[in-house]
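**Student:**
Numbering (the working numbering), first residue to last: 169 to 457.
1. Less than 7 Å between the C-beta atoms of residue 185 and residue 400, yes or no?
2. Between which two residues does the alpha helix (DSSP H) harbouring residue 396 extend?
3. Looking at the unbroken beta strand (DSSP E) that takes in residue 308, where does it start and where does it end?
4. Specify the secondary structure class of residue 423 as computed by DSSP and reduced to three states.
5. How about residue 302 and residue 431: do their beta carbons lie closer than 7 Å?
6. Using a 10 Å radius around the Cβ and a threshold of 16 neighbouring Cβ atoms, would you call residue 344 buried or exposed?
7. How big is the Cα-Cα spacing for residue 387 and residue 359?
8. Considering just the uninterrupted stretch of the alpha helix (DSSP H) at residue 447, what are its terminal residues?
9. Within 7 Å of any Cβ in chain D, is that where the Cβ of residue 215 sits?
10. Within a Cβ cutoff of 6 Å, which residues of the same chain sit near residue 130, ignoring the five residues on either side of it in sequence?
11. Rounded to the nearest angstrom, how far is the Cβ of residue 451 from that of residue 347, given a contact under 8 Å?
12. Could you check the C-alpha separation between residue 397 and residue 172 for me, to the nearest Å?
13. Return the residue from the list 357, 380, 321 that minimises the CA-CA distance to residue 419.
14. Quick one: using the 10 Å Cβ neighbour count with 16 as the cut-off for buried, is residue 371 buried or exposed?
15. With 16 as the cutoff for other CB atoms within 10 Å, does residue 364 come out buried or exposed?
And the structure:
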């Protein structure tokens with residue numbers, strides 16, 4: 169399963185991306201739009217309710233979009249709306265405990281039940297959705313189709329906040345151990361079909377071997393696409409689900425700029441150098457060197 173994440177500063181650009189994805193036959197059940205704004209959710213539901221065979225529910229108009237939306241609450245963020253028939257699957261990917269169907273919630277119906285304290289997202293989901301705090305909206309595509317994933321990456325990279333495409337060496341990685349800490353030295357690019365798969369395999373191997381403290385040394389990573397962003401989020405979430413912690417060490421300035429622009433810098437624990445990263449785990453002096 170490939171995951172591509174596009175971050176947008178305006179609903180219009182996000183809407184354009186969703187339309188293009190549908191026009192290019194990316195399966196509608198793999199696309200989800202995330203926003204904190206009820207107005208954005210309602211506007212997008214109205215616009216896309218019957219678009220390309222029904223991105224939201226398949227019936228006409230706002231009611232279809234609202235009925236297919238999912239509302240969940242995140243401590244410190246508040247309500248978040250997920251639009252798209254793949255919303256439930258996405259919430260599972262994020263590790264949410266439950267999702268509450270919005271029904272008529274967007275229409276201010278006082279009789280509509282609201283999510284309770286138990287119907288809230290996990291901390292992993294809260295970290296993933298951090299960019300929404302700053303008014304960003306997100307389009308997430310999760311698909312098993314290599315062709316659909318490639319189309320999604322190209323669209324999200326072009327229309328969303330992204331790094332300028334550049335030639336870069338393929339990703340290379342080496343893993344080393346300092347005490348209880350696994351360090352992955354990465355160079356090149358983390359992109360669809362190359363670096364993202366390698367990073368996934370490395371993370372699976374480390375976590376299966378019981379590594380709980382993992383550093384990604386990204387000083388030499390000079391390009392990350394929307395699938396690479398998705399893989400970094402997946403790695404972070406996978407480590408948390410295993411009771412571990414993932415930190416990024418000294419990302420290349422271009423990557424750092426991307427993370428700051430998309431507000432994803434708030435998602436990851438970013439350390440300035442390896443020594444401070446090791447010390448930040450609060451382990452024994454042997455590990456801290």
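Just so you know, even glycine gets a beta-carbon here, dropped at the ideal spot from N, CA and C.
**Tutor:** According to the data block:
1. no
2. 394 to 409
3. 305 to 311
4. helix
5. yes
6. exposed
7. 16 Å
8. 442 to 448
9. Any reference to chain D falls outside this structure, which holds one protein chain only.
10. Shown here, the chain extends from 169 to 457; a query on residue 130 therefore has no answer.
11. 6 Å
12. 7 Å
13. 357
14. buried
15. buried
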